[in-house]
Each structure stands twice: as C-alpha cells, then as structure tokens.
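Report on the structure given below.
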Amino acid sequence: ESKKETLGFQTEVKQLLHLMIHSLYSNKEIFLRELISNASDAEDKLRFAALKDDSLYESDPELKIRLDYDKEANTITLTDNGIGMTRDDVIQNLGTIARSGTAEFLQQLSGDEKKDSKLIGQFGVGFYSAFIVADKVDVFTRRAGAPAEEGVHWESKGDGEFAIEQVNRENRGTEIVIHLKSDASEFADGFRLRNLVKKYSDHISFPVVMKSESEEEEEKGKDETVNDATALWTLPRTEIKDEEYKEFYKHIAHDFEDPLTWSHNKVEGKLDYTSLLYIPARAPFDLYNREAPRGLKLYVQRVFIMDDAEQFLPLYLRFAKGVIDSNDLSLNVSREILQNDSTVDSIRTAMTKRVLDMLSKLAKKEPEQYQSFWSEFGTVLKEGPAEDFSNREKIAGLLRFASTHTGESIQNVSLDQYIERMKEGQQKIFYITADNFTAAKSSPHLEVFRKKGIEVLILSDRIDEWMMGYLNEYDGKQFQDVARGDLDLGEVETEEDKKHKEEAAEEHKDLVERIKKALEDRVQDVRVTNRLTDSPACLVVGDFDMGAQMKKIMEAAGQ
Ligand code: ADP
Ligand code: MG
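Position 295, counted from 1, in the sequence shown is what UniProt numbering calls 298; the numbers after and before it change by one each time, with no gaps.
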C-alpha cells in the first residue's frame, strides 16, 4: 500500500463543482441517475472488452449494479462490477474535464446563479453532481484484469482537492460511497431510492439490485432487482411512456433537460436494426468545435460497441443523439471498418432521412418547438445543402429566414410561406445577404421590392452566402440575390417599367459614360437601374463573382 497523495482539481473542475452545487440544488436527486448512468456505461465497456478477452469477467460474470444505504452513517453506496479504473484513469476522469473549450466556456460564468444555472444545461453534469448531495465522496475502484493490489481509493470533499492512494481490492469495478450532507439525509432511505431508480433508471440494460426490505422473513435481506433492466429501445413502442423516453435520453445524452422530440424505429428485412434518435432542446457549448464528441451510441445485437459512432449521421445533423442497435454488423466492428461498410452507408442514409423527417414533423405539428430547435441548431442545419446534395430540397424546406415580410431579425419564415405570398407573376425567390440584419434591412437594393410589395428574405448569418451557393432552387423556383447581376422581376415588372428603364438609359447615356471614366478600373460596368426608388446609386455584384460576405470570409482565412 502506498501513502496518500493529495492533488488539486483542475480549475475548470472547481468552477463546475461550484456551479453545480449552487445551481442544481433544487434538482438534487439527479445525482443518482448520473452515477447509475456511469455504472451502466462501465458494465457496457466491460462486456465489450470481454468479447476479446473473457478472462476479464474474472469469477464474476453476472453484470449488475448494487445500491445500498446506511441510515445511521448517512451514506449511500453504489457498486458496479464493470470495467473499473486504473490510478491514471481516476486522476484523469475524476480530477479534470477533458472536453476542449471548457475553460473558455466556464469563463462566461457571471456569478449570477440564475444565469449560470442555464449554462450547466449546455455542459452536462456527470460524476461531479455527487457533490450536490455529498459533503464527502469515496471512490474505490480496480480495473478489470488488473491485480488486486492495484486498487485505487479516491476521496474528496469537493472543495478544491482530492486524495488518492493505492489499496487492495478483490472485486473489479467501482464502488462509490456518498457521505450525505445533513440536509440530504432523505436519500438514505430504501423507499426513496427505489423510487428514484424506477423513475430515472428503469430501462438501462443492467439490473440495479438492492437488499429486500420485505416484511416476510423469507425475503428480507435478499437481493432484489429494483429496475426493469431491459434496454429501452428493445421494447415495443406501444409499451413505452413518454417519461421513459425522456429519462432514457438523459442517460445516453449526458443532458439533464428533456429532449424536444424523438423517433424510435425497428427495421427488419434487408437491413435489421433498431434506432432511437433524439433532438436535444439545447445546444451543447461545443457544438461548433470540430473535435467535440458527436454521433450515436452503437450496439450490435444488444452489446454496446462504442460511443460517438460518427458514421451513422452526416456532420450537419451532429446535434442528433441516440442509439443504433444493428443485427447485421459484426461484434468485432471497429471505427475503421465502419468507415467503409456498405451496411453502415445504408443505415446512414436511412438515419439521415429519419432525422429530417422528424424535424419536418416537428415543424408541422409543433411550430413553436421547431422555432426553438431552429434558434439552437439552425446554423448547423445550414451546412446541409453543401454537405448533402441528395437531400437539398428537404433541408431547404426546413430552413427559416428573417424576411422583409415581418421586418424582424428573428428567423421564422419558411420557404413554403414565402412561396405562398409570392406576387402574381413573380417567378423567383428573392434574398439579400449582409453582415448583419440592420445593414441588410436598410440596403438600397430593397427599394424596388418595397415599392412593388415583393418579399425578400434577409440573410445575415456568416454561413448564409456560402449556403446559398449550394441552393439553386426550391419547389421549382430559382433563388435570386437581389444585389447580383441584372434584376429580373419576372412579370411583376410591367411593360411600363421596362419602357421607363429604356428611356432612362437613353436619357442618361452621357452621365453613365462620365461616371465610368471617373471610376475607371474600380468597377466593371455602370448601368441605369430600376432597382432604386430613393437612393441615387448602389453597388451590384456580378452573377458569378464572390459576394461581399464570402470575400470577408476568404480574407479572414488569409486568402
Ligand atoms: P461522462 O459519463 O459524461 O463521461 P462523468 O463525469 O459522468 O462524465 O464521468 C467521467 C468519467 O469517469 C467517465 O467517462 C468514466 O471514464 C469515469 N467513470 C465514472 N464513473 C465510473 C464508473 N463507475 N466506472 C468506471 N469509470 C467511471
Ligand atoms: Mg456520466
């Protein structure tokens, strides 16, 4: 046995602990779900590792999670016989936060608890949530396959440091002892704990076992399984309650808010798999970080294979979470194999369609919910037209825009709504791009449209101009940038307008020549226009030239 060593938590952990303890106070009970979730993950990982090396089961092949409590000592103990941790694992997992961007994210903390508590939703909670109810936590663990002497004891009061020492541990896996705060003693209670397990962890894949408190002498003290212990996605849809879908989401997504919607499907035939997909309500803080974890949890024939299997969804749907359980893939499947596997490709095509359909349905049935989805994830979906050619039309139908119709910056106009409002004779969908909404809205390019009462979509996200490069038409109607090329208003332009324009061109020929000379190489051409009603002149981009926004992006990238 080695002597105890005291180490400091990484700064980010300290901040997170502080945030969690103060903002989740009224949500205390979620600590149990988080710890059971970790235990279940650890069992999953052991079963996966044992596919290659079944000696890892040692003499204890029955995977289960044990929950005990001691009213007198005011403690709860959660024990799993999963994969366990080495000393290095413990220091890494229970002393730091490895997600990149965490420090920057936590710097936004304002000290205002109400505001800050919203941030935690973007972060997820996890192990450290134990300190919402604990004034001290002990973790005893041993990695499966390691000798008994390589057990580890970690302990902390959650106040900035933790102690770690080597101990002897016969059993593999992890035991967590929660020393409850005096105001959390309600949790050292069999009835309360059973209820919480039922409520939060009924449908994880492993049994949660407690000692029976039955009145009957026969039963009393014997192990009893307190959850259902069948993986949720394996059950028929009709037997699953909404609450159960929501709780399961929280287990797999490391989120503590309810999802917006989900879709559960069993597919049989040429392909044989079950999928359960969710749309979260809130974007994680690292949604735009290329290295952030994304993808689905992959199971093969009910056996957990890996987290974050990226190959089942395109990048622009990276906000979707869920489980895919395939009967066609091999248990030996690896990330490399997933990358060029035709079964995976087919599932990915189907998953993509499912997510898009789920969103269309949400947009139709719950427009307010969809609007909230859009404000969280809209800019990600905007990567779609470029990434996924075959679903362009479908994605376009899901886009939402600011528009001159509402005159407000909120993006809530769909292309279908735009088309419904198109003027008699109008053939194109008009849009304008600019750095920001205000600049776009006051652009002289909009003058003629205002005069004619034609709606123009206002695009001011950084990605918009780039996205429009991949969208040519929707519902058979072409998109037209109002600041580009010759403006063709279709039949909305009357004969009179045309005649007027020709006359004006003739009349101002000399003026145009003089302006051309004065500007020389700085412009390609100078023309008389019918675009303007109040402003004397405006700049127009050629049909095939880079737009102003795109130019800025390229300049910023050093091009
Ligand atoms: P997450 O579960 O999202 O990864 P947590 O904060 O809940 O984050 O846990 C951090 C890490 O600690 C886990 O990823 C896992 O590696 C490790 N861990 C936590 N609990 C256990 C456990 N019971 N058995 C093995 N490893 C665990
Ligand atoms: Mg966790």
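C-beta atoms are modelled at their ideal positions from N, C-alpha and C, and glycine is treated no differently. Given the structure is predicted, the values throughout are model-derived calculations rather than measurements.
Item                                                                                                                                                                     : Value
Who are the Cβ neighbours of W377 in its own chain at under 6 Å, not counting the five residues just before and after it?                                                : R403
Along the chain, where does the alpha helix (DSSP H) containing A166 start, and where does it finish?                                                                    : Careful: A166 lies outside any alpha helix (DSSP H), inside the beta strand (DSSP E) at 164-170.
Comparing C-alpha positions only, which one of D513, D537, V544 sits nearest to Q527?                                                                                    : V544
Measuring CB to CB, does L81 end up less than 7 Å from L38?                                                                                                              : yes
Need the endpoints of the beta strand (DSSP E) that V383 sits in, please.                                                                                                : No beta strand (DSSP E) holds V383; the alpha helix (DSSP H) holding it covers 370-384.
Check whether the segment 432-447 touches the segment 457-466, taking contact to mean three or more Cβ pairs, one atom from each stretch, closer than 8 Å.               : yes
Do you know offhand how far E222's Cα is from S188's?                                                                                                                    : 26 Å
Exposed or buried, which one is N84 when buried takes at least 16 other CB atoms within 10 Å?                                                                            : buried
Can A191 be considered in contact with the ligand ADP, in the sense that its beta carbon sits closer than 6 Å to one or more heavy atoms?                                : no
Report the start-end ranges of each alpha helix (DSSP H) in the segment 310-376 that is 4 residues or longer and not cut off at the edges.                               : 338-342, 345-368
Assign residue 578 to one of three DSSP states: helix, strand, or coil.                                                                                                  : One cannot answer for residue 578 here, as it falls past the ends of the chain, which runs 4 to 562.
Need the endpoints of the beta strand (DSSP E) that H182 sits in, please.                                                                                                : 176-183
Quick one: residues with CB closer than 7 Å to any heavy atom of the ligand MG, in chain order, please.                                                                  : E37, S40, N41, D44, G129, F130, H257
Given the structure, does D83 come close to the ligand ADP, in the sense that its CB is under 6 Å from one of the ligand's heavy atoms?                                  : yes
Using only the alpha-carbon positions, how far apart do R453 and A101 sit?                                                                                               : 52 Å
Taking the runs of the alpha helix (DSSP H) that are 4 residues or longer, which of them lie wholly in the UniProt domain "Histidine kinase/HSP90-like ATPase" (30-187)? : 33-55, 90-96, 105-109, 116-126, 133-136
What is the DSSP secondary structure of T409, counted as helix, strand or coil?                                                                                          : coil
If you follow the alpha helix (DSSP H) that Y421 is in, where does it begin and where does it stop?                                                                      : 418-423
Considering only residues of the same chain and omitting the five flanking positions on each side of T144, which have a CB-CB separation below 6 Å?                      : G87, M88, V155, T177
Any chance the CB of N174 is under 6 Å from a heavy atom of the ligand ADP?                                                                                              : no
With 16 as the cutoff for other CB atoms within 10 Å, does L274 come out buried or exposed?                                                                              : exposed
What do you get for P239, buried or exposed, if any count of 16 or more other CB atoms within 10 angstroms of its CB means buried?                                       : exposed
So, using beta-carbon positions, are D226 and V212 closer together than 7 Å?                                                                                             : yes
What did DSSP end up calling K554 once you bin it into helix, strand or coil?                                                                                            : helix
Let me check you understand the geometry: is the CB of T177 closer than 6 Å to at least one non-hydrogen atom of the ligand ADP?                                         : yes
What would DSSP say about N394, mapped onto helix, strand or coil?                                                                                                       : helix
Do M309 and the ligand NAD come close, with the Cβ less than 6 Å from some heavy atom?                                                                                   : The ligand NAD is absent from the structure shown, which contains only the ligand ADP and the ligand MG.
Which one of L384, A389, T497, F392 has the shortest CA to CA distance from E427?                                                                                        : T497
So M309 and L301 are supposed to be a Cβ contact under 8 Å. How far apart are they, rounded?                                                                             : 5 Å
Suppose the cutoff is 6 Å on Cβ atoms and the five residues either side in sequence are ignored; what does the same chain contact list for K397 look like?               : L359
Measuring from the CB of N96, is there a heavy atom of the ligand ADP at a distance below 6 Å?                                                                           : yes
Is the segment 159-170 touching the segment 48-68, taking contact as three or more C-beta pairs under 8 Å?                                                               : no
In the DSSP assignment, find the alpha helix (DSSP H) that holds residue 2 and state where it starts and stops.                                                          : Residue 2 falls outside the range modelled here, since the chain spans only 4 to 562, and no answer is possible.
With H, G and I counted as helix, E and B as strand and the rest as coil, what does DSSP make of L27?                                                                    : coil
Quick one: Cα of L418 to Cα of T409, how far?                                                                                                                            : 14 Å
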